[in-house]
Structure formats: C-alpha cells, structure tokens
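Engineer: Please read through the structure below; I'll follow up with questions.
Numbering (the working numbering), first residue to last: 855 to 1034.
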C-alpha cells in the first residue's frame, strides 16, 4: 500500500513556466535578492518560490528518482531559505548556488534515509565535481538550462561552458567505469 502524497503545485508539471530557464539578468529579479532587495521578506520569498521552485523540483526529482521524495526535498529547500533570510541578500548567482547546494544536501539526506543506492551513487559521483562544475552540470542536465543562459549566469563564454560540461561528463563517466 502506497502512502498518499499531497498534491503540490509545481509549475513544471502544469501549464506554467518550465524549469528550463533562469531569469537572473532581468531587472525583475535584482530587487528580490541582493543588496538592492525591496519588499517584505514574505513578498521576496514568494517571488523566489515562484521563480526557482520548478528548477529546484526538477533537480530534486532527478537526484532522488522519486516524485514524492522530490516534493519533500523541494519543500525542505524553500523552508530553509525562508528560515535564513540572509540568503535573500546574496547576489542572484550566489543565491542560485546556495539553493542548489541545499537541494543537493537535502536529496542526499533523503537518499540515505530511503536507502536508494542507485541515486546515492549518482550523488557520490556528482559531489566529486568542483562546486562551479557541479552547478553547471546540475543546471544544464537536470535543470535543463541552456548553455547561453549558463554562460551569462557564470560569466563564462559558451565555449568555456561546453568545455567544463564536457570535463564534468568525462569525470562522471570515468567514475562510472571505475565503479564497474
């Protein structure tokens, strides 16, 4: 018998925005996070939740391989963001990195508690990457963010983003071959 799950609104699963784009360059996000942030903590949090939840859910789902665990993981990430308002003062790039780090940590915790060995192996391999390469990899392949957007977000040329993604994939492939 399966445990019932709550029906959360995930725009990535409805007709809303998809997790394949991050709009950190437009003026609409700059007042929400960073030094120039405006509005109450709750207003800024609601905007961030609407903007980043599809991406975080997508990453959590890929890491856990399970819809229910992804729901829980995503919830925990945003509860943590709400509990620590200093995260709302980070630059948009640092905020995104902090949210991804939280998603990775929460997914890892859940996989340990659920004894999901396959997904745990994925986490072990991904965690072996340098932080910026790990963030590039997660955003591109799990979050479905385009290379051009990653280029702008990380301040790298498109060629450098592709090169770093190739290196990350080579590292992960080498880990997979070495584990077999």
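In this text, a Cβ means the ideal position worked out from N, Cα and C, and glycines have one as well.
Work out the CA separation of residue 914 and residue 971 for me, nearest whole Å.
Structural biologist: Mapped onto the chain shown, residue 971 falls at position 117. Mapped onto the chain shown, residue 914 falls at position 60. Reliability fails at residue 971, whose pLDDT of 49 lies under 50, so the model's placement of it is uncertain and no value is given.
Engineer: Going by other Cβ atoms of all chains shown within 10 Å of its Cβ, with 16 needed for buried, is residue 938 buried or exposed?
Structural biologist: As a first step, residue 938 must be located in the chain shown, where it is residue number 84. The residue is exposed, with fewer than 16 neighbouring Cβ atoms inside 10 Å.
Engineer: Can you look up residue 893 in the DSSP assignment and give me helix, strand or coil?
Structural biologist: On the chain shown, residue 893 is found 39 positions in, with the first residue counted as 1. DSSP places residue 893 in coil when its eight states are reduced to three.
Engineer: Starting from residue 994, trace the alpha helix (DSSP H) both ways and give me its first and last residue.
Structural biologist: By one-based count along the chain shown, residue 994 stands at place 140. Per DSSP, residue 994 belongs to no alpha helix (DSSP H) and is neither H nor E.
Engineer: Looking only at C-alpha atoms, which of 957, 922 and 893 sits nearest to residue 906?
Structural biologist: The residue given as residue 906 occupies position 52 in the chain shown. Looking at the Cα atoms, 957 is the closest of the given residues.
Engineer: Of the choices 1010, 1000 and 962, whose alpha-carbon is the least far from that of residue 919?
Structural biologist: As a working note, residue 919 is residue 65 in the chain shown. The closest CA to that of residue 919, considering only 1010, 1000 and 962, is found on 962.
Engineer: Can you tell me where the alpha helix (DSSP H) with residue 926 in it begins and where it stops?
Structural biologist: Counting from one through the chain shown, the residue named residue 926 turns up at place 72. Start and end: 921-937.
Engineer: Report the CB separation of residue 986 from residue 1008 in whole angstroms; it is logged as a contact under 8 Å.
Structural biologist: Position 132 of the chain shown, counted from the first residue, corresponds to residue 986. Position 154 of the chain shown, counted from the first residue, corresponds to residue 1008. The pair is a contact, with the Cβ atoms about 7 Å apart (cut-off 8 Å).
Engineer: Whose C-beta lies closer than 6 Å to the C-beta of residue 981 among residues of the same chain, with five residues either side of it excluded?
Structural biologist: Sequence index remark: in the chain shown, residue 981 carries index 127 (1-based). If we look at residue 981 and ignore the five residues flanking it on each side, it has no Cβ neighbours.
Engineer: Is residue 1003 helix, strand or coil by DSSP?
Structural biologist: Mapped onto the chain shown, residue 1003 falls at position 149. Helix.
Engineer: With C-beta atoms as the reference, is residue 993 less than 8 Å away from residue 999?
Structural biologist: Numbered from 1 along the chain shown, position 139 holds the residue referred to as residue 993. Numbered from 1 along the chain shown, position 145 holds the residue referred to as residue 999. Result yes, Cβ atoms of residue 993 and residue 999 sit closer than 8 Å.
Engineer: Can you tell me the Cα-Cα spacing of residue 878 and residue 966, whole angstroms?
Structural biologist: Within the chain shown, numbered from 1, the residue matching residue 878 stands at position 24. Within the chain shown, numbered from 1, the residue matching residue 966 stands at position 112. Unreliable placement is indicated for residue 878, whose pLDDT of 42 sits below 50; no coordinate value is reported for it.
Engineer: Taking the alpha-carbon of residue 949 as reference, which of 1023, 926, 1013 and 898 has the nearest alpha-carbon?
Structural biologist: Here the question's residue 949 lines up with position 95 in the chain shown. It is 898.
Engineer: Who are the Cβ neighbours of residue 990 in its own chain at under 8 Å, not counting the five residues just before and after it?
Structural biologist: Working through the chain shown from its first residue, we reach residue 990 at position 136. These residues qualify, in order along the chain: 1004, 1008, 1015, 1018, 1019 and 1022.
Engineer: Hey, how far is the Cα of residue 922 from the Cα of residue 900?
Structural biologist: The residue you call residue 922 lines up with position 68 of the chain shown. The residue you call residue 900 lines up with position 46 of the chain shown. So the alpha carbons of these two residues sit roughly 22 Å apart.
Engineer: Could you give the DSSP three-state label for residue 947: helix, strand or coil?
Structural biologist: The sequence position of residue 947 within the chain shown is 93, counting from 1. Three-state DSSP puts residue 947 in a helix.
Engineer: How about residue 1026 and residue 979: are their beta carbons less than 8 Å apart?
Structural biologist: The count along the chain shown starts at 1 and reaches residue 1026 at position 172. The count along the chain shown starts at 1 and reaches residue 979 at position 125. In this structure, residue 979 lies closer than 8 Å to residue 1026 by Cβ.
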